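Single-structure report; data block below.
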Amino acid sequence: MTADPPLVLDIDGTLTRPEGWGIDPRVFDPLREWDAPVVIATGKAFPYPVALCHFVGIPELVVAENGGVVYTGDDVFFTADREAARAVAEAYEAAGYDLGWGREDTVNRWRETEIAVNLEQPLEPLREIAADHGLEVIDTGYAYHVKDTDPTKGEGLETIADHVGIDLADCVAVGDSINDVSTFEAVGRSFAVANADERATAAADEVLEEVHADGTLAVLERVRGT
Ligand SMILES: [Mg+2]
Numbered sequence: 001m002t003a004d005p006p007l008v009l010d011i012d013g014t015l016t017r018p019e020g021w022g023i024d025p026r027v028f029d030p031l032r033e034w035d036a037p038v039v040i041a042t043g044k045a046f047p048y049p050v051a052l053c054h055f056v057g058i059p060e061l062v063v064a065e066n067g068g069v070v071y072t073g074d075d076v077f078f079t080a081d082r083e084a085a086r087a088v089a090e091a092y093e094a095a096g097y098d099l100g101w102g103r104e105d106t107v108n109r110w111r112e113t114e115i116a117v118n119l120e121q122p123l124e125p126l127r128e129i130a131a132d133h134g135l136e137v138i139d140t141g142y143a144y145h146v147k148d149t150d151p152t153k154g155e156g157l158e159t160i161a162d163h164v165g166i167d168l169a170d171c172v173a174v175g176d177s178i179n180d181v182s183t184f185e186a187v188g189r190s191f192a193v194a195n196a197d198e199r200a201t202a203a204a205d206e207v208l209e210e211v212h213a214d215g216t217l218a219v220l221e222r223v224r225g226t
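Quick note, the sequence shown lines up with residues 1 to 226 if you use UniProt numbering.
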C-alpha cells in the first residue's frame, strides 16, 4: 500500500501563479485532498499561512517568518525576538528610509519576530543597520527580511515533525529561495522550482523545469501515492 508523503511548501515563488504574484487557485484542490500532513513554511507573517490553511481547508501546520513563529496545530512557538528587528526598522526609518508598504503596512502589522522591507527600498543601509543589531538581511525575491540569524524554516519544521509525528525523511519539500535551503536540508526529497534563486537551486535534490505553481503541481503529480 502506498501513501501520499508529507509535504513542506513555501508560498511566494512556489504556490504562486506563473506570472509571479497571487496564489494559483489550481493548488487548492490537490492540497485539500492530500492524504498526509501539509506544512506551509514561509517568510510571510504568521496570519498569512494560517489563513491559507484555513481557506484551503487543511490543518494549520505553519512555519512563519522564516522559522521565527512555529504552529503545530496545538502550540505556538516563538524562536526569535521581535524587539531587535523592530529596533532595526526604527533606525532605518530614522535614517530617512521607509519599509515601503504604505502607511498601514499590512506586511509587518502582524509580524511577531522579524521585519520585511520592500525590495524597492535601499538595501545597503538596511544591511548596515541590521548588522549593528546582530541581525541578518535575506532577499527572498519578494522582500528583504531582517531576521535573527538563528531560527530557520528547517528548524521550525523539525518542531512540527516532532509534535505531529512525521518523519522528515519521508517529507517532500518545494521552494524557490535562500530561505528554503534549511527546509531542503531537513527533508528526504527537495525540489526547487525553475524560478528558484541560486542558493535554492544548489541545495535542492532536483530542479524543476516548471516555474511557480506549475512546478509544485508537477511535484504533486509525481510523488502522489509514492
Ligand atoms: Mg519563496
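Backbone N, C-alpha and C fix where the C-beta goes; we use that ideal spot for every residue, glycine too. Being a predicted model, the structure only gives us computed values, none of them experimental.
Between ligand 1 and S177, a heavy atom-to-CB distance of less than 8 Å is present. About 6 Å separates the beta carbons of H133 and A87, which is inside the 8 Å limit, making them a contact pair. In the three-state scheme derived from DSSP, where H, G and I count as helix and E and B as strand, S182 is classed as helix. Contact between the stretch 62-73 and the stretch 152-162 is present: 3 or more CB-CB pairs across the two stretches fall below 8 Å. Annotation for D148 indicates a beta carbon at 8 Å or more from all heavy atoms of ligand 1. Ligand 1 never approaches I138 closely enough for any of its heavy atoms to be under 8 Å from the residue's Cβ.
Rounded to the nearest angstrom, the gap between the Cα atoms of A3 and D180 is 25 Å. Here G175 is bridged, per DSSP, to A192. Restricting attention to V38, D12, P30 and V27, the CA atom closest to the CA of V172 is found in V38. By the 16-neighbour rule on beta-carbons within 10 angstroms, A131 is exposed. For T152, the CB stays at least 8 Å from every heavy atom of ligand 1. The beta carbon of V70 sits closer than 6 Å to those of V63, F77, G156 and T159, all from its chain and outside the five residues before and after it, given in chain order. Under the DSSP assignment, H145 falls in the beta strand (DSSP E) whose first and last residues are Y144 to K147.
The beta-bridge partner set that DSSP reports for V207 consists of A192. The alpha-carbon separation between K147 and E136 amounts to approximately 5 Å.
For V219, the enclosing alpha helix (DSSP H) begins and ends at H212 to V223.
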